[in-house]
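Undergrad: This is the structure, below, for whatever I ask next.
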Amino acid sequence: MRLPILACTFGLLLGSYSLAQDSVESYVDQLPKGETAVRLFNGKDLTGWQGDPKRWSVSDGSIRGANDDSVPSSTYLFTEKKYRNFRLLLDVKQTMSPEHSTMHSAVCILGEQFKDTGENEFGFKGPLVMFCHDWGIWDAYGRNRVVDRGEGPKVEKKGDWNLIEVLVIGDRIRCVANGTLVFDFTDKPENLQASPIGLQLHKETRPQEYHFRGLVLAENPEDTLVTLKQRDIRTQAAEIAPSIVLSQEKTEEAPEPPKDLFAQGPKPHWVWGPNNDAHYIISTKFQAENAKRVAVKASCDNFVTLKLNGKQIASSSEWQAPVEKDLTKLLQSGENELTAEVGNEGGVAAFIASIAIEGADGKVSHIVSSTDWTAADRDSKEQVALQDRGELGVGPWNNVFQQPANDSGIPRDTFVLLPGFQVEKLFTVPKEEFGSWVNITTDPKGRIIASDQGDKGLYRITPASGDKETVVEKLPLNITSAQGLLFAFDALYISVNGGPGSGLYRSKYDVNADTF
């Protein structure tokens, strides 16, 4: 890495600054290999710069811009050289006190130097990359604000040093502050031109004071932001999910139970163990000697595997579609045992079942789930007491037994497909970190936004395509438990009911920073 201007001397002047983290000096050696970095400021004087000496000076190894009297029009300290495509790294600090103004400063780029009103010979027309107190781009040609503040106010270190990276490639301007992308803006070519780079002291009647240091520049940079801190991003390659092909051949089917077999009788109760996140084995024993027909109907939020006398008879991971199975030909003489291996995927958990026994006389009796059934922790095998979550018909499940039953017996997590189709698994959601995703929508770029039903927040998913992996990142929004998501009118609408802060929320989309 070549640093042509007084590299050794400047390093001595910097002292402890050169060792500071999250400063320009900590990133100089991280610039791409093809970039040649030059120092615009030698650390001693304003050689290579031009500006009003009344406003600009050098103090403790940094450029100081300040005023004690009124500044009638914004004035700038300009580089003598013009630049068009570049990466600029600088540290900036605003003096904060009751006497000092909080007016923002800026770096002026890609515009035109001119003589402003009054005695100000150092005016400017063009884009201003603003920082401290206000952020974004202000266009001094007359378009005024063209880029909003983004994440700038959130990441600003008031009264302390802020690390700024400005990257200009073609018509695209990006700014990173303290590791966070503030904006990503593409302008019209006719609005941009090669120009000096300038440091701003804003028009103001109150005292102002800014300090600038670092000021390392590389021309014709690579298209990467070196100070951007990586967000919590996960990737996963797509994989083919288990499936079976739907057979076109007719198969012998067990006779269906009478349609009204579960229409009458006592209501079963939703039950679960003491821990929503635990897996349990729930069971009951029954006899059905000389029965004409025996069937079971069950549902579980979230998944269940039913076994009769130790043999699997059905499974489901969709509580909305109850499992219904004819047991008549599967019974053994004497006592029979029905077991349900159940588990949850976040949020509320419950299991419900009813065994219908039609006697030879046509009368139907029922054995329904209740806290009298036996339960044990699947892992520890310890017996647990079941808790009553309400009878059939209570929310949020309502009368799930009225829904069409699933009695296919197909193993859970297995898809049934037509010939020639396959299903790809894009991402395995880590429950402990990302929760249980229950609601999705898409953004303007075709990515998926998903919400956890608990307290884990919102996530943005870029689905795998070709040889590219699925990319998942958490959105920087302090909201969760969305029961409805919709992107419309340049904003994400979030409906929350029963979670933290029920209501309808709107989060505006910043297209330049690609964030909400």
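Numbering (this note's numbering), first residue to last: 22 to 537. In this text, a Cβ means the ideal position worked out from N, Cα and C, and glycines have one as well. Source: prediction; values computed, not measured.
For residue 169, which residues in the same chain have their Cβ closer than 7 Å to its Cβ, ignoring the five residues on either side in sequence?
TA: As a first step, residue 169 must be located in the sequence shown, where it is residue number 148. Closer than 7 Å at Cβ, skipping near neighbours: 157 and 531.
Undergrad: Quick check on this structure: which residue in 320, 393, 397 and 376 has the alpha carbon closest to the alpha carbon of residue 387?
TA: Position 366 of the sequence shown, counting from 1, holds the residue named residue 387. Selected option, being the one with the closest Cα: 376.
Undergrad: Across which residues does DSSP place residue 387 in a beta bridge pair?
TA: By one-based count along the sequence shown, residue 387 stands at place 366. In the DSSP output, where bridge partners are listed per residue, residue 387 has 377.
Undergrad: Express the C-alpha separation of residue 194 and residue 106 in angstroms, rounding to a whole number.
TA: Residue 106 sits at position 85 when you count from the first residue of the sequence shown. Residue 194 sits at position 173 when you count from the first residue of the sequence shown. Near 10 Å, if we compare the C-alpha coordinates of residue 194 and residue 106.
Undergrad: Report yes or no: do three or more beta-carbon pairs, one from the segment 324-331 and one from the segment 389-407, lie closer than 8 Å?
TA: With the cut-off at 8 Å, the segment 324-331 and the segment 389-407 do not touch.
Undergrad: Taking only heavy atoms of the ligand MG into account, decide whether any of them is closer than 7 Å to the Cβ of residue 379.
TA: Ligands are entirely absent from the displayed structure, and the ligand MG is therefore not among its contents.
Undergrad: At what residues does the alpha helix (DSSP H) containing residue 233 begin and finish?
TA: By one-based count along the sequence shown, residue 233 stands at place 212. Residue 233 -> not in any alpha helix (DSSP H); beta strand (DSSP E) instead, spanning 229-240.
Undergrad: If I measure Cβ to Cβ from residue 38 and keep anything under 8 Å in the same chain, skipping five residues before and after, which residues do I get?
TA: Position 17 of the sequence shown, counted from the start, is the residue given in the question as residue 38. Bear in mind that a pLDDT of 41 at residue 38, under 50, signals an unreliable position, so the model cannot answer this.
Undergrad: I'd like the list of long-range same chain contacts for residue 142, defined as Cβ closer than 7 Å, with 5 residues on each side in sequence excluded.
TA: Within the sequence shown, residue 142 is the residue found at index 121, counting from 1. Around residue 142: 136.
Undergrad: Could you tell me whether the segment 181-201 touches the segment 64-80, using the rule of 3 or more Cβ pairs below 8 Å?
TA: Touching, no, given that fewer than three Cβ pairs across the two stretches are closer than 8 Å.
Undergrad: Is residue 49 helix, strand or coil by DSSP?
TA: To locate residue 49, count along the sequence shown from 1; it is residue 28. Residue 49 falls in the helix class under three-state DSSP.
Undergrad: Between which two residues does the alpha helix (DSSP H) holding residue 452 run?
TA: Position 431 of the sequence shown holds residue 452. First-last of the alpha helix (DSSP H) with residue 452: 452-455.
Undergrad: List the endpoints of the continuous beta strand (DSSP E) containing residue 176.
TA: In the sequence shown, the residue the question calls residue 176 occupies position 155. Per DSSP, residue 176 belongs to no beta strand (DSSP E); it is in the alpha helix (DSSP H), 173-176.
Undergrad: Where residue 396 and residue 403 are concerned, what is the direct C-alpha to C-alpha distance, given to the nearest angstrom?
TA: Here the question's residue 396 lines up with position 375 in the sequence shown. Here the question's residue 403 lines up with position 382 in the sequence shown. Distance between the alpha carbons of residue 396 and residue 403: 9 Å.
Undergrad: Just how far apart, CA to CA, sit residue 207 and residue 467?
TA: Start at 1 with the first residue of the sequence shown, and residue 207 comes out as number 186. Start at 1 with the first residue of the sequence shown, and residue 467 comes out as number 446. Rounded to the nearest angstrom, the two C-alpha atoms are 20 Å apart.
Undergrad: Looking only at C-alpha atoms, which of 366, 351, 256 and 218 sits nearest to residue 298?
TA: Position 277 of the sequence shown, counting from 1, holds the residue named residue 298. Taking only the C-alpha atoms, the option nearest residue 298 is 366.
Undergrad: Please determine if the segment 489-499 and the segment 243-259 are in contact, where contact requires at least 3 C-beta pairs separated by less than 8 Å.
TA: Segments in contact, yes.
Undergrad: With a 10 Å radius around its C-beta and 16 neighbouring C-beta atoms as the bar for buried, classify residue 123 as buried or exposed.
TA: Position 102 of the sequence shown, counted from the first residue, corresponds to residue 123. The residue is exposed, with fewer than 16 neighbouring Cβ atoms inside 10 Å.
Undergrad: Under 8 Å: do the segment 313-326 and the segment 336-348 share three or more Cβ pairs, one atom per stretch?
TA: They touch, by the three-pair rule.
Undergrad: Which same chain residues, not among the five before or five after residue 378, have their C-beta less than 6 Å away from its C-beta?
TA: Translated into positions along the sequence shown, residue 378 becomes position 357. Closer than 6 Å at Cβ, skipping near neighbours: 309, 312, 315 and 386.
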